[in-house]
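Structure representation (structure tokens):
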């Protein structure tokens, strides 16, 4: 039986299949208005019979787009009496302190759609004021009968004691069964009321969209004879059945970028590269992440449209520097690239689909790094004249010729990418020079070597068929479940017993969830603690070896915290300062096992061609060669352009490229 991964990007929808004949790939244009159509188009292009597919793995930005475009369900929000304005008050920080017109992010549930119930759970989980549904029910039923699609419930301290949330959800299910209900304790088990409320409303807001989208995919697959199972990538880099995503869709907000990191880690690891910085440049954005010893860094929180989401996820920084990013001039006359993108429709001007605004892809075509004779995704021809026409008006405004301005735009994008990489490296206390850069996506390899130059990175590892690495990552990802529980625990002699008890509870809950979802296999468990000095506002992650939990003592926990604190803040233990555990985290992982490596899908050898590329401020002689022509170990000196079915790699002057035994293209900077 085949296993098929389909990842929907802003410009292309990618498919990778594992089967009896090895690995096969396909790329088709995305359909932004109807992304599920792109998925079925990729399946049709693959030629695979759906009754021969055992697993369909998916990655998509449907949930993210629903938030960004505010196209979710009509949402009602229920909170504890006295907390109606929690989504409006937010935090007292300002993300743009010099913006005189700064406004806080708009919440997903309006105040008019926020309703309160009389009840109270204390900070230690005790019931202070019971929930009287007989008293609040009639008024609440009238309020919720206003044409809502979904209801989010976030009661004060519900993460400590969910009894009131559960009772309220059961009452709504009985009285108003047409409403989808999302409870905060099912979304996140962490404290901080505003962040928990935002995560709950976001999950409820996108649930009708995600539920309908995944339902259409399942129905379409079933109608075509598919009888296998459907799983989806989460933001944490692991996959779960569709049912789990439909219950809590915000876990899949960054499913596409997380899949790319997973695929890059797997493929680069074959060549011995365990410390890497991933660079995923597609049609809309550039995503970067840092990986140490084969494990991505993790983030507890991210922001979508300014709204905080506390959820375990791969630490990914995203900027608007994709191939479709628009090149424009701001009100001050400064050249800008992105974040607006031409997307798949109409796409860059050179695609010949009606686009007239200049983009990064057009810039690469004008500068010769993306040859006009190339065919993107194996079928899309490029129109160099249309690219030049798109750049002509903005170039005239700067007093530049179109090619010179295209080079400026490309360099500006490089600088933006460098700044993003520094966010996950230098600003996290990591020296990027100690890592290899792994680019993928359709445009990643075009920028990688010049970005590496700016960072002082000496090695770039370009996977085979880099344009489908995210789809490949879907298939190599482990199945994964996360659980978090906030339980403030002083670090004293009683702490080890509390740690064992809490981790045992999380272990049991994860095991129960895995059984409910039908996950099979022998699981691995990972544990960690969120710790801080008493009085600190934020916590740091302290890993706990599962093999040592039974014999854990206070001194061991304290030394682990001191080491983690020193790594981040450059000083460890503060003598006499009390320490506390705030939250407990557990992860169940079902390892994927052996999976096929990605190899070049097209090994047709074509003769090298002499071309010119625009480098700096002039045209220079270069070589264009198909990637299959690079025999293992043979070196190609830059400037050069290396093409394959899914992406083009630019080798600047001062760099050389070789192909290794795993079909990875290794670029090294000359001494």
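Residue numbers (the UniProt record's numbering): 1 to 671.
Idealized CB from N, CA, C, for every residue including glycine.
Source: prediction; values computed, not measured.
Taking the DSSP output, what are the residues bridged to residue 325? 341
Report task. Tell me, to the nearest whole angstrom, how far the beta carbon of residue 195 is from that of residue 310; I am working on the premise that it is less than 8 Å. Result -> Rounded, the Cβ-Cβ distance is 5 Å, consistent with contact.
Q: Kindly give me the distance between the Cβ atoms of residue 362 and residue 406, rounded to whole angstroms, as I take these residues to be in contact under 8 Å.
A: 7 Å
Cβ-Cβ separation, residue 86 to residue 197 (assumed contact under 8 Å), whole Å
5 Å
Item to check | Proximity winner among 554, 44, 657 and 152, relative to residue 461 (alpha-carbon distances) | outcome: Cα-wise, what sits closest to residue 461 is 657.
Exercise for the section: Any chance you could list the beta strand (DSSP E) runs of at least 3 consecutive residues sitting entirely within the stretch 279-311, in chain order? Expected result: 286-292 and 298-304
**Q.** Proximity to residue 322 [Cα-Cα], best of 613, 384, 412 and 157
**A.** 412
- prompt: Should residue 488 go down as buried or exposed, given a rule of 16 or more other Cβ atoms within 10 Å for buried?
  reply: exposed
Checklist line | Inside the stretch 362-446 only - alpha helix (DSSP H) runs reaching at least 4 residues | finding: 384-397 and 402-424
Q) residue 267 by DSSP, collapsed to three states: which one? A) helix
Point to revise | Within 7 Å, strictly: CB atoms of residue 8 and residue 46 | key: no
Notebook entry, point to check: How is the beta strand (DSSP E) around residue 700 delimited, first residue to last?
Noted result: Nothing about residue 700 can be reported from this structure: the residues present for the chain run from 1 to 671 only.
- Using the beta-carbon count (16 or more within 10 Å), is residue 126 buried or exposed? exposed
Worksheet item: Shortest alpha-carbon distance to residue 366 belongs to which of 332, 544, 382 and 547?
Response: Ranked by Cα distance from residue 366, the options 332, 544, 382 and 547 are led by 382.
Practice problem: Please go through the same chain and pick out, in chain order, the residues whose beta-carbon is closer than 8 Å to the beta-carbon of residue 211, but skip the five residues on each side of it. | Solution: In the same chain as residue 211, and ignoring 5 residues on each side of it, the C-beta atoms closer than 8 Å to its own belong to 180, 246 and 249, in chain order.
Which same chain residues, not among the five before or five after residue 167, have their C-beta less than 8 Å away from its C-beta? Result list for residue 167: 131 and 133, in chain order.
- Reduced DSSP category for residue 351 - H, G, I as helix; E, B as strand; rest coil: Residue state, collapsed to three classes: helix.
In the DSSP output, which residue or residues are listed as bridge partners for residue 250? Residue 250 pairs with nothing; no bridge assigned.
Problem - At least three beta-carbon pairs within less than 8 Å, the stretch 395-406 to the stretch 258-266 - result: no
Quick one: is residue 89 buried, meaning 16 or more other Cβ sit within 10 Å of its Cβ, or exposed?
exposed
Can you name the start and end residues of the beta strand (DSSP E) that residue 101 belongs to?
From DSSP, residue 101 is part of no beta strand (DSSP E); its letter is neither H nor E.
Notebook entry, point to check: Which same chain residues, not among the five before or five after residue 483, have their C-beta less than 7 Å away from its C-beta?
Noted result: 189, 506, 509, 510 and 586
>> Using only the alpha-carbon positions, how far apart do residue 353 and residue 174 sit?
In response: 51 Å
Exercise. Rounded to the nearest angstrom, how far is the Cβ of residue 148 from that of residue 74, given a contact under 8 Å?
Worked result: Between residue 148 and residue 74 a beta carbon distance of about 5 Å is seen, short of the 8 Å cut, so the two are scored as contacting.
- Item | Element boundaries [alpha helix (DSSP H), containing residue 2] | Unbroken run through residue 2 is the beta strand (DSSP E), 2-8; no alpha helix (DSSP H).
**Q.** C-beta atoms of residue 286 and residue 276 nearer than 7 Å
**A.** no
Given that a residue counts as buried once 16 or more other Cβ atoms are within 10 Å of its Cβ, and exposed if not, what is residue 627?
-> buried
Discussion item. With H, G and I counted as helix, E and B as strand and the rest as coil, what does DSSP make of residue 615?
Written reply: strand
Check your understanding: Just the Cα atoms here: how many angstroms apart are residue 341 and residue 39?
Key -> 21 Å
Can you give the Cα-Cα distance for residue 400 and residue 338, rounded to whole angstroms? 20 Å
Which term fits residue 330, buried or exposed, when burial requires 16 or more other beta carbons within 10 angstroms of its beta carbon?
Counting Cβ neighbours within 10 Å, residue 330 comes out exposed, since fewer than 16 surround it.
key: Within 7 Å, strictly: CB atoms of residue 437 and residue 448   = yes
task: Taking the CB atoms as reference points, tell me whether residue 450 and residue 652 lie closer together than 7 Å.
output: For residue 450 and residue 652, yes; Cβs fall inside 7 Å.
Could you check the C-alpha separation between residue 96 and residue 299 for me, to the nearest Å? Answer to the nearest angstrom: the Cα atoms are 22 Å apart.
Take residue 81 as the anchor and find which of 561, 422, 115 and 58 has the nearest alpha-carbon.
115
Margin query: As a quick exercise: from 634, 325 and 444, pick the residue whose alpha carbon is nearest that of residue 355.
Written below: 325
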